[in-house]
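Participant: Sharing a structure here in structure tokens format.
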Amino acid sequence: MAATERIGGVFAATLLLPGLAAVSTVHAEEPPDQAEIALKYGYYRDWQPGLDRVKVQSPQLYLLTPFAGQWSLEAATVSDSVSGATPRMHTTRSGATPAMSDHRSATDVKVTRYFHRGSITLGGGYSGENDYVSHSQNVEGRWSTEDNNRTWIAGYGHSGDVIDNTGSGGSVENQHRQTRELMVGVTQAATANDVVQAFFTRSMGRGYFSDPYKDFDQRPDSRRASITLLRWNHHLEKYDATVRSSWRYYQDSFGIRSHTLAAEWVQPVGVWTITPGLRYYMQSAASFYYDPVTDAQGVPSSLLTRRYASNLEGYYSPDQRLSAFGAVTASIKVAYAFSEASSVDLKVEQYRQSSGLRFGGGSPYLDPFRASFVQFGVSHKF
Amino acid sequence: MKLILLIATAGALLAGCAGFGQVEPWEKGNLAKPSMRFDADPLDARFTQHVYTSKEAASGGAAVGGGGCGCN
């Protein structure tokens, strides 16, 4: 059961970000002309050498509609079916959780009121499964200049999470986490073919940050992060294509520093649109992450690592996701437009994460990690 | 703080460049294309962001109000 909750918690976390999606980042400061409905089916699978880990099936529904003249309503919901296993320490296969299955769902809604040169958006989200419940709220304001070349953006978000796995025999009872986020940003039409965007976000969290499904894991009860995001979309008239690129720098009080670089080429070909993409990510390790301990032959030893970890004091974690590593994603998306109002799309992504992909080297003795994700979607405007 | 200063300086330099940010309404045809939007496919962004949030330590940057993450 613990395994069930562990995996559920992991992917829940991913879907515990309803608010993240609830406040999108670029809109004209006027209600949408048409309503839009979209369906997407996502499939995710990850593995490491000798261990198939997690599989997720994730159908999603999205609705956007104008109403009452100067208002719009946007809503999204997702339902996840999760199965698989994951290591309890580092990438140790022998310590992996037993096979499990779980289910969770999340919904978020936002309402926007448009004004002459701005808009105000209020949003809320809920995500729940048997060991993790999250509620989030957010507000965002946008103001455009008279020539519509620049839009200032400010947002504030709050989330309250409750972690409790006692219902299935776990030991974590009614633990809470509160996170507040403040964001400021600007979108600028730079030239007739360039639009750029810059955001700065400050996140402040307090509460339970440990992972109850990792062995020997004790993390600080606060986490403060600063995130800078720059995005640049450039239209190439010669090819009628768009290059979309971004860079994100993240640093937090766990001691983690990370860079994310992404680029994709959007190429229309008649009624088709083909979008290949690349993403590179690297991070340093958390200050309290500890490496696996090796035996006399230099081979990582689960027994020695456990013995070492049992004597640790203060904060400590064997979570691979807090180690130093790099990751690369290659993707391709193909979309077909039946008409101006209707389209269908398929996206395939391959992800690889390993110590060796980090410039300067990563944490030792971890198995590389791979994932594959596929999305199939349809959308219709009316 | 150094990063903020760097970004502010870069922004000021760009703003000083001739023509930067001076786009006339009749020049905005390409800017209006769907591919030039930063949120062209919200469900796609939502799905991939969730995957990365569960497998990497860093998250966020483009929006606020996300719930906490039990994975990290």
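Line order of the protein sequences matches chains A and B.
Here the numbering used here is used: position 350 in the first sequence is 350, and no number is missing along the way.
Each position in the second sequence, counted from 1, maps to that position plus 1000 in the numbering used here.
Cβ atoms here follow ideal geometry from the backbone N, Cα and C, with glycine treated the same way.
Can you give me the Cβ contacts of D345 of chain A inside the same chain, cut-off strictly under 7 Å, excluding the 5 residues immediately before and after it?
Facilitator: K333, V334, A335, G377
Participant: So with CB distances below 9 Å, who are the chain B contacts of H235 of chain A?
Facilitator: N1030, L1031, K1033, S1035, M1036
Participant: Any Cβ of chain B within less than 8 Å of the Cβ of R150 of chain A?
Facilitator: yes
Participant: Please identify the residue among A:W272, A:V269, A:E264, A:T273 whose C-alpha is closest to the C-alpha of Y280 of chain A.
Facilitator: A:E264
Participant: Cα separation between A106 of chain A and Y132 of chain A?
Facilitator: 11 Å
Participant: Quick one: residues in its chain with C-beta nearer than 7 Å to the C-beta of R117 of chain A, no 5 flanking neighbours on either side, listed in chain order?
Facilitator: E29, W143, S144
Participant: Kindly indicate which residue of A:A38, A:W47, A:D295 has the alpha-carbon position closest to the one of L1043 of chain B.
Facilitator: The option with the nearest alpha carbon to L1043 of chain B is A:A38.
Participant: Can you have a look at E181 of chain A and say buried or exposed, based on whether 16 or more other CB atoms are within 10 angstroms of its CB?
Facilitator: buried
Participant: Taking Cβ to Cβ, would you say N457 of chain A is nearer than 8 Å to Q188 of chain A?
Facilitator: Outside the shown range of chain A, which is 1 to 382, sits residue 457 of chain A, and nothing can be said about it.
Participant: Of all Cβ atoms in chain B, is any one closer than 8 Å to the Cβ of V26 of chain A?
Facilitator: Low confidence applies here, because V26 of chain A scores a pLDDT of 38, under 50, leaving its location unreliable and the question unanswered by this model.
Participant: When the distance is taken between beta carbons, is D211 of chain A closer than 8 Å to D295 of chain A?
Facilitator: no
Participant: List the endpoints of the continuous alpha helix (DSSP H) containing D319 of chain A.
Facilitator: From DSSP, D319 of chain A is part of no alpha helix (DSSP H); its letter is neither H nor E.
Participant: Cβ closer than 7 Å: which chain B residues qualify as neighbours of T166 of chain A?
Facilitator: By Cβ distance, chain B contributes nothing, its closest Cβ being about 15 Å from T166 of chain A, past 7 Å.
Participant: Could you tell me whether any Cβ in chain B is nearer than 8 Å to the Cβ of E181 of chain A?
Facilitator: Interface residue, yes.
Participant: Which residue or residues does DSSP assign as beta-bridge partners of Y369 of chain A?
Facilitator: Note that residue 369 of chain A corresponds to Phe in the displayed sequence, not to Tyr. Bridge partners of F369 of chain A: A:Q353.
Participant: What residues of chain B sit near R104 of chain A, judged by a beta carbon separation below 8 Å?
Facilitator: Those do not exist, as R104 of chain A stays about 11 Å from chain B at its closest Cβ, beyond 8 Å.
Participant: So within the stretch 176–208 of chain A, which uninterrupted alpha helix (DSSP H) runs reach at least 4 residues, ignoring any that extend past its ends?
Facilitator: none
Participant: When the Cβ atoms of the stretch 267–284 of chain A are set against those of the stretch 169–185 of chain A, are three or more pairs found closer than 8 Å?
Facilitator: no
Participant: Which two residues bound the contiguous alpha helix (DSSP H) that contains H116 of chain A?
Facilitator: Looking at the DSSP string, H116 of chain A is not in any alpha helix (DSSP H), and its letter there is neither H nor E.
Participant: Give, in chain order, every unbroken run of the beta strand (DSSP E) that is at least 3 residues long and sits entirely within the stretch 246–322 of chain A.
Facilitator: 257–269, 272–283
Participant: Can you pull the chain B neighbours of Q375 of chain A, defined as C-beta to C-beta under 7 Å?
Facilitator: D1044, F1047
Participant: Out of A:G362, A:G169, A:S79, state which residue places its alpha-carbon closest to the alpha-carbon of A286 of chain A.
Facilitator: A:G362
Participant: Looking only at its chain, what residues have a beta carbon closer than 7 Å to the beta carbon of A21 of chain A, apart from the 5 residues adjacent to it on each side?
Facilitator: Here A21 of chain A scores only 33 on pLDDT, less than 50, and its place in the model should not be relied on; the value that follows carries that caveat. Excluding sequence positions up to five before and after A21 of chain A, its CB lies within less than 7 Å of the CB of A76, D108, all in the same chain and listed in chain order.
Participant: Whole angstroms is fine: what's the gap from P66 of chain A's alpha carbon to S1035 of chain B's?
Facilitator: 22 Å
Participant: When the cut-off is 8 Å and only beta carbons count, does Q48 of chain A lie next to chain B?
Facilitator: For Q48 of chain A, the answer is no, since every Cβ of chain B falls outside 8 Å of its Cβ.
Participant: Considering only the alpha carbon of each residue, which of A:H158, A:D52, A:Y316, A:Y126 lies closest to P220 of chain A?
Facilitator: A:Y316
Participant: According to the neighbour-count rule (16 or more other Cβ atoms, all chains shown, within 10 Å of its Cβ), is G155 of chain A buried or exposed?
Facilitator: buried
Participant: What's the C-alpha gap between D1039 of chain B and H380 of chain A?
Facilitator: Approximately 16 Å, taken between the alpha carbons.
Participant: Got a sec: is the Cβ-Cβ distance from G1070 of chain B to anything in chain A below 8 Å?
Facilitator: Bear in mind that the predicted position of G1070 of chain B carries a pLDDT of just 48, short of 50, making it unreliable; the figure below should be weighed with that in mind. Residue-level contact check: G1070 of chain B touches chain A, since one or more beta carbons of chain A fall below 8 Å from its beta carbon.
Participant: Which residue wins for smallest C-alpha separation from H1050 of chain B, given the options A:V184, A:P49, A:L64, A:V78?
Facilitator: A:V78
Participant: A22 of chain A by DSSP, collapsed to three states: which one?
Facilitator: Here A22 of chain A scores only 33 on pLDDT, less than 50, and its place in the model is too uncertain to base an answer on.
Participant: Against chain B, does K40 of chain A count as a neighbour if the rule is that its beta carbon must be under 8 Å from one of theirs?
Facilitator: yes
Participant: Which residues, taken in chain order from the stretch 309–322 of chain A, show a beta carbon closer than 7 Å to some beta carbon of chain B?
Facilitator: R321, L322
Participant: Residues in the same chain with beta-carbon distance under 7 Å from W47 of chain A, minus the five sequence neighbours each way, listed in chain order, please.
Facilitator: Counting only Cβ-Cβ distances below 7 Å, and skipping sequence neighbours, we find R53, R370.
Participant: Measuring only between beta-carbons, confirm whether R58 of chain A sits less than 8 Å from chain B.
Facilitator: In the sequence as presented, Arg is not what sits at residue 58 of chain A; that position holds Ser. With its beta carbon less than 8 Å from one in chain B, S58 of chain A belongs to the interface.
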